[in-house]
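Under this note's numbering, the residues of the sequence shown are numbered 7 to 492, in order. Comments concern the structure below.
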Amino acid sequence: MAASSRSRSPISRERCFHLVLICTILFIHSVPCCCSSSGEYFIVPLLHWTSLAASHARPLPALSQLQFFKEVKSLDDSRLLSIGASIRQSSNDLRARVISGASSGSGQYFVELSIGTPPQRFTLIVDTGSDLVWLRCSACTSGSCEDVGDGGAASQLLSTFHVRASSSYRAISCTSQSCFVVPPAPNFSCKDSSECRYEYTYSDSSSSTGILSIETISLNVSSASSSASTVNSPRELPDFAFGCGFHNVGQSFIGSNGVLGMGRGPISFVSQVGAAVGRKFSYCLVDFFRKPSLNSVLVAGDPPLTMRVPLQSTPLLTNPFRRSLYYVNVQEVRVNGVALFIPSDLWKLDEMGNGGTVVDTGTTFSVFVEPAYQRILSAMSTSSPLPKVEPVEGFDLCFNSTGLKSLTDLPNLSIVFQKNVVFAPPATNIFVDMPGSLKCLAMRGANRVFGFSVLGNLIQQNFLMQFDLQNSMLSFTSVDCSDAFR
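So this is what it looks like as structure tokens:
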């Protein structure tokens, strides 16, 4: 509700809250509800970064197993620092920096979608830690035009969305209610004829500055209903709000054309597309170590699979300083069925936004806050008949698996969430193979700089993870993700 010829100044939390409610209603009504009555849903291939190694998105040199996990650790460090910095800044600044799985080029999963009329195709980083969907834009009309992005080497490898080549593109006015859900560009003064200008600044000082816009997106999806077989076809969704980034600086966006925000805010991909299918989304991550050629899936809606298999459900918590993130309430951790003595306050999300446990796809290894991690590590190290060996660099616990008869010889870990819901990942989600017949624990401790725990994408593999934004619930079940949606 910005007034004419008025600068977009910081707004109160109360006003921001009401504007978010208004914008949620606006975005829900902007997406055609063509699917809810028939039980249809969208399935989009979810590409792990390792599967893009040979493509244009992120060329990757041949890596040894040890080098690969060093790369993973480095990407995780960037992600954790980004989340931690974002939370600390948000407690004091309404225009705090947003986080992204893209930090330092660390996007873990990607989707492909087309935007505009006629469609232009792009690869976007999937980010459950931010809301805005944005991509690189150019005012040019052909692919031969000069890229107006960061001008670095990365921009030369990536295509941009050419707005003048699309008949369905239009900018959102800065007087629109929608404009209040994105951080304003510095020194921006709104006039009646002005577009809504935003600036997203990431914790590694990367940034995207551009115009909040409306377009038609096309997803290369499979859609189905209870009365029809699955079909593969593009699906057009008009009036989709996104950020058109005309100036993009830094390392956060290497390997992609932009970011697909999957957070809980009204402008996120799931809030807009999910409005047509009950504001639910799911993902099912395949084991990318054992089946690297298969894609994971991102699902918008309520697929029939959720009706055929029993799901466990636990409430999602909200961090008032990082509302985009998905938190769960950990109540207990067990090793081989035995509950560990870990003070409950180590899992608590406090009133300042510190602590808690985040469910995240942008981090590979799970991270547990200290000293909870040391309790877990100690219990795991004494709960297997396999001999311990000197840990490989980057790992805290490794077993010699030469005499391994069954995966049950490895310690098992289960996490009890609120409502006594038990998340029990298999050993393949907890240990990774290393040279020399070693099985190493794929977990890390979080120092006080981080101050929170994270359930990474490795521990979530071969689980259907469903996020219900309407009812603020996380539901999950163990499935074979390489087959469940094929």
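Just so you know, even glycine gets a beta-carbon here, dropped at the ideal spot from N, CA and C. Because the structure is a prediction, the values reported are computed rather than measured.
Which partner residues of phenylalanine 287 appear in the DSSP bridge assignment?
Ala306, Phe473
Glutamine 466 versus tryptophan 140: straight-line alpha-carbon distance, rounded:
27 Å
Return yes when the Cβ of alanine 247 is within less than 8 Å of the Cβ of isoleucine 273, no when it is not.
yes
Answer yes or no: do serine 390 and phenylalanine 405 have a C-beta to C-beta separation smaller than 8 Å?
yes
C-beta contact flag for leucine 72 and glutamate 399 at 8 Å
yes
If you draw a straight line from the C-alpha of isoleucine 49 to the C-alpha of glutamine 318, how long is it?
22 Å
For valine 188, name the three-state secondary structure that DSSP assigns.
coil
Burial state of valine 365, where buried means 16 or more other Cβ atoms lie within 10 Å
buried
Are any of the Cβ atoms in chain D nearer than 8 Å to that of serine 330?
Within the model displayed, chain D is absent; a lone protein chain is all it includes.
How many Å lie between leucine 470 and leucine 416 at the Cα?
24 Å
Put valine 438 into one of helix, strand or coil per three-state DSSP.
strand
Assuming leucine 410 and methionine 386 are in contact, meaning their beta carbons sit under 8 Å apart, how far apart are those beta carbons, in whole angstroms?
The Cβ separation is near 15 Å, so there is no contact.
Roughly how many angstroms lie between the CA atoms of serine 200 and cysteine 185, to the nearest whole one?
So the alpha carbons of these two residues sit roughly 11 Å apart.
My guess is that valine 265 and alanine 306 are in contact by the Cβ rule of under 8 Å, so how many angstroms apart are they, rounded?
At roughly 17 Å, the Cβ-Cβ gap does not stay under 8 Å, so valine 265 and alanine 306 are not in contact.
Bounding residues of the beta strand (DSSP E) (the contiguous stretch that carries leucine 444):
444–447
Hey, leucine 475 and serine 277: beta-carbon distance below 8 Å or not?
yes
Measuring CB to CB, does glutamine 126 end up less than 8 Å from phenylalanine 75?
8 Å or more divides the Cβ of glutamine 126 from the Cβ of phenylalanine 75.
Apart from the five residues just before and just after proline 316, which ones in its own chain have a Cβ nearer than 8 Å to its Cβ?
Thr483
Just verifying my parser: in three-state terms, what is the DSSP assignment at glutamine 467?
DSSP, read as helix, strand or coil, puts glutamine 467 in coil.
Would tryptophan 353 pass as a contact of valine 341 if the rule is Cβ separation under 8 Å?
no
Using beta-carbon positions only, say whether threonine 370 and leucine 461 come within less than 8 Å of one another.
For threonine 370 and leucine 461, no; Cβs fall outside 8 Å.
Residues near glycine 269 by beta carbon distance below 6 Å, same chain, minus five either side
Ser136, Asp137, Ser330
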